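Undergrad: My questions all concern the structure below.
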Amino acid sequence: MAEFICLFGKDSASIVIKQPKKSPLFLRMIVLVFAMVCGLYICSVCLKQFSFQSSQLVPSPVDSHSLHVLTRIHYPKPQTFNRAECGHNPVRFFAILSMQRSGSGWFETLLNSHDNVSSNGEIFSVMDRRKNVSSIVETLDRVYNLDWFTSASKNECSAAIGFKWMLNQGLLANHVEIVDYFNRRGVSAIFLFRRNPLRRMVSLLANSYDRFAKLLNGTHKSHVHSPEEADALSRYKPVINSTSLIHDLQETESLAAKALEYFNTTRHMVVFYEDLITNRTKLKQVQEFLSIPVKDLSSRQVKIHRGDLSDHIKNWEDVNKTLNGTEYEKFLIADY
């Protein structure tokens, strides 16, 4: 950049060198850069604050398969009674989704042995409660508002409230509305299946027979509490239709897969009856899933069909021949 030189007088030896004035464009550029830096800094601070506030107000996305994500908590206000000292205790909602004779009754008694869990049984076995979506939602609201009273209701402050729901009791037929309800109200689903549907088939046929035969002193019992009762019921050996056996097993698997597909967007976990029997740490995982204190759970129910399947199927040779060499051959082997 050029400099300006001024001389004072002809004889003066003084030379004054003056710096030129800075270009207005250069100054504007400096101001613009400074403003941009300040703006970026302010935006970064605001974004951090917004992110922090949002994380407090909006729950983070839930991993449906994680056992460590906290369930949504509620503070129900029942219309039929005052929760009194329990009013400030949070409650979590759950539903056991299963199929008949899959161990759901036994599993529910385990949960109900927990001081702070109330699971209210198979409430949708009654047709009027599932005749349409409105009646289903009304029933669900009563359960989760603590206005549903059963023998499972606790005097202690309940920390988890739920029930068991069979897939064929309007659950899959109205899955769109039910999934919406579960997600809207924060209901956690526990899928309970059997790894061996052939054993479930034996239990189904035997239980169906006893409804009419009433083998225990003229009374029908789906579940028993003594080895003697279990032995009496297990003496009946059902005949399995070997012609439709593979198709029936496929149908059972398809039903379970369809349920998991429909409820994939809900917070859920999958539990197998056999795993609960052989590995009691699974019960710990269930309690962690429900975010309740982990305790030792127990049940008075006694398993009816124990030991090898060959001891419980009348036409065992036909069944064995039908499944041998197929993908279902594994079901012939006792797995617990």
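First residue of the sequence shown? That's 1 in full-length UniProt numbering, and the numbers climb one at a time after it.
Note that CB positions come from ideal geometry on N, CA and C, so glycine has one too.
Just so it is clear, the structure is predicted and the values come from calculations on it, not from any experiment.
Just to check, is the beta-carbon of serine 291 closer than 7 Å to a non-hydrogen atom of the ligand COA?
TA: The ligand COA is absent from the structure shown, which contains no ligands of any kind.
Undergrad: Need the endpoints of the alpha helix (DSSP H) that lysine 282 sits in, please.
TA: Per DSSP, lysine 282 belongs to the alpha helix (DSSP H) from 281–289.
Undergrad: Can you round the beta-carbon distance between leucine 167 and leucine 97 to whole angstroms, since I take them to be within the 8 Å contact cut?
TA: Yes, leucine 167 and leucine 97 are in contact; Cβ-Cβ is about 7 Å, under 8 Å.
Undergrad: Tell me which residues share the same chain as asparagine 207 and place their Cβ nearer than 7 Å to its Cβ, disregarding the 5 neighbours each side in the sequence.
TA: Contacts found: Arg101, Ser222.
Undergrad: Mind reading off the beta-carbon distance from serine 299 to tryptophan 106? Whole number of angstroms is fine, and I expect it under 8 Å.
TA: Right, their Cβ atoms sit about 6 Å apart.
Undergrad: For lysine 321, count the other beta carbons within 10 Å of its own beta carbon; 16 or more makes it buried, fewer makes it exposed. Which is it?
TA: Exposed, because fewer than 16 other Cβ atoms sit within 10 Å of the Cβ of lysine 321.
Undergrad: For methionine 99, is the classification buried or exposed, using 16 other Cβ atoms within 10 angstroms of its Cβ as the cut-off for buried?
TA: Classification for methionine 99: buried.
Undergrad: Take the Cβ of serine 234 as the centre, count every other Cβ of all protein chains shown within 10 Å, and call the residue buried at 16 or more, exposed below.
TA: With 16 or more other Cβ atoms within 10 Å, it is buried.
Undergrad: Could you check what DSSP says for histidine 114 in three-state terms: helix, strand or coil?
TA: If DSSP states are grouped into helix, strand and coil, histidine 114 belongs with coil.
Undergrad: List the DSSP bridge partners of glycine 162.
TA: Partner(s): Ser119.
Undergrad: Check the DSSP bridge columns for phenylalanine 93 and list the partner residues they point to.
TA: For phenylalanine 93, which the question treats as bridged, DSSP gives the partners Ile161, Val187.
Undergrad: Quick check: what's the CA-CA separation for glutamate 317 versus leucine 215?
TA: Whole-angstrom Cα-Cα distance: 26 Å.
Undergrad: Mind checking which residues open and close the beta strand (DSSP E) that includes valine 294?
TA: Here valine 294 belongs to no beta strand (DSSP E), and DSSP marks it neither H nor E.
Undergrad: Measuring CA to CA, which of Met269, Gln250, Val126, Glu253 is closest to valine 187?
TA: Of Met269, Gln250, Val126, Glu253, the residue nearest in Cα terms is Met269.
Undergrad: Restricting to Cα atoms, I'd like to know which of Ser226, Thr150, Arg199 is closest to valine 319.
TA: It is Arg199.
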